[in-house]
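Trainee: In the numbering used here, each residue carries its 1-based index in the sequence shown increased by 1. Virtual Cβ for every residue (Gly too), placed ideally from N, Cα, C. Sharing a structure here in structure tokens format.
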Amino acid sequence: MSAREGWGLRVTGGTLRGRRLRAPRGAATRPTADRVRQSLFERLAGLPGAAVLDLFAGTGALGIEALSRGAAAAVFGLLTWSFFGTSPELGAYWVAFRLPDLIFLVLACPCALVISTPVTVVAAVTSAARRGVLFKGGLALERAAADTPGALARHDVLLMPGAAADGGTFAGTHARRALGVIRQNVTLALLTKLVFLVSAVMGAAPLWLAVVADTGATVAVTLNGLRLLRAK
2 MSAREGWGLR VTGGTLRGRR LRAPRGAATR PTADRVRQSL FERLAGLPGA AVLDLFAGTG
62 ALGIEALSRG AAAAVFGLLT WSFFGTSPEL GAYWVAFRLP DLIFLVLACP CALVISTPVT
122 VVAAVTSAAR RGVLFKGGLA LERAAADTPG ALARHDVLLM PGAAADGGTF AGTHARRALG
182 VIRQNVTLAL LTKLVFLVSA VMGAAPLWLA VVADTGATVA VTLNGLRLLR AK
């Protein structure tokens with residue numbers, strides 16, 4: 002289909018029948034032809050009230066056609082339009098509305114929050130093992146931070162032959178330090194998300210900044226957790 006034909010798209014049926022759909026000039030989008038859409042929806046039954054996915058939406062013609070013919074909702078790539086008995090207000094370039102959804106999707110990714118605790122626990126356990134103090138996982142770290150003698154008695158923490166004489170004291174101090182780093186990382190991850198989510202709602206967070214914030218927070222919590230490898 003040529004770029005000129007793309008500007009002549011129409012809704013072929015339903016409440017919006019005859020409504021013109023505008024597509025960007027050029028070959029960036031290849032809208033489904035009117036006849037193809039008309040043939041497709043004439044063969045479908047039970048469309049009223051349905052939810053339709055226009056996964057590779059360029060102009061959104063397929064999803065808009067479904068809404069016109071009675072679908073309750075249509076998902077255009079990353080953008081969901083929901084209508085309750087009213088006609089959708091179709092803009093010339095609805096694609097522009099995808100960007101805020103993409104920003105929120107990036108900001109909603111819990112990368113920093115998910116990685117903060119495992120990295121810290123691994124770093125803490127590894128650095129302790131170098132000193133001959135073995136923690137049996139993250140739960141043992143937590144128990145040792147709260148009650149070091151009890152953790153040693155329950156064998157949550159083991160002092161290997163050759164461990165320093167202050168191994169028990171180190172175990173408690175190291176465990177409390179590790180929990181402190183975990184709290185720092187979780188706080189940093191949540192605050193970063195909160196600040197940029199508020200900025201996104203206000204329209205002050207472009208996509209590149211959302212990506213930088215998500216990646217930056219992930220790198221920051223990782224490096225903060227790895228500091229425990231230098232524990233002495």
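If Ala-145 sits next to Gly-173, beta carbons under 8 Å apart, how far is it from one beta carbon to the other, in whole angstroms?
Mentor: Indeed they touch by this definition, with Cβ atoms about 6 Å apart.
Trainee: Keeping to the same chain, check which residues put their C-beta closer than 8 Å to that of Leu-191; ignore five residues upstream and five downstream.
Mentor: Leu-114, listed in sequence order.
Trainee: Count the other CB atoms within 10 Å of the CB of Gly-19; is the residue buried (16 or more) or exposed (fewer)?
Mentor: Flag for Gly-19 reads exposed.
Trainee: Note the first and the last residue of the continuous alpha helix (DSSP H) segment covering Ala-211.
Mentor: Looking at the DSSP string, the run of the alpha helix (DSSP H) that includes Ala-211 is 208-227.
Trainee: Do you know how far the Cα of Ser-69 is from the Cα of Leu-108?
Mentor: Their backbone Cα atoms lie some 33 Å apart in a straight line.
Trainee: Have a look at Pro-150 and Gly-168 and give me their C-alpha separation to the nearest angstrom.
Mentor: Distance between the alpha carbons of Pro-150 and Gly-168: 11 Å.
Trainee: On a Cα-Cα basis, can you pick out the residue from Ala-205, Thr-118, Gly-163 that is closest to Arg-131?
Mentor: Of the listed residues, the one whose Cα sits closest to Arg-131 is Gly-163.
Trainee: Could you tell me the alpha carbon to alpha carbon distance between Leu-135 and Pro-119, rounded to whole angstroms?
Mentor: Their backbone Cα atoms lie some 17 Å apart in a straight line.
Trainee: Taking the alpha carbon of Asp-215 as the point to measure from, which residue in Leu-160, Ile-104, Arg-231 has its own alpha carbon closest?
Mentor: The residue with the shortest Cα to Cα distance from Asp-215 is Ile-104.
Trainee: Start and end of the alpha helix (DSSP H) containing Val-53?
Mentor: Per DSSP, Val-53 belongs to no alpha helix (DSSP H); it is in the beta strand (DSSP E), 52-55.
Trainee: If you check the beta carbons only, do Gly-71 and Leu-48 fall under 7 Å apart?
Mentor: Yes.
Trainee: Can you tell me where the beta strand (DSSP E) with Leu-135 in it begins and where it stops?
Mentor: Taken as a continuous stretch (DSSP letters only), the beta strand (DSSP E) holding Leu-135 covers 134-136.
Trainee: Is the CB-CB distance between Ala-179 and Ala-125 below 7 Å?
Mentor: Taking 7 Å as the Cβ cut-off, Ala-179 and Ala-125 qualify as a contacting pair.
Trainee: For Thr-16 versus Asp-35, is the C-beta distance shorter than 7 Å?
Mentor: Cβ atoms of Thr-16 and Asp-35: not closer than 7 Å.
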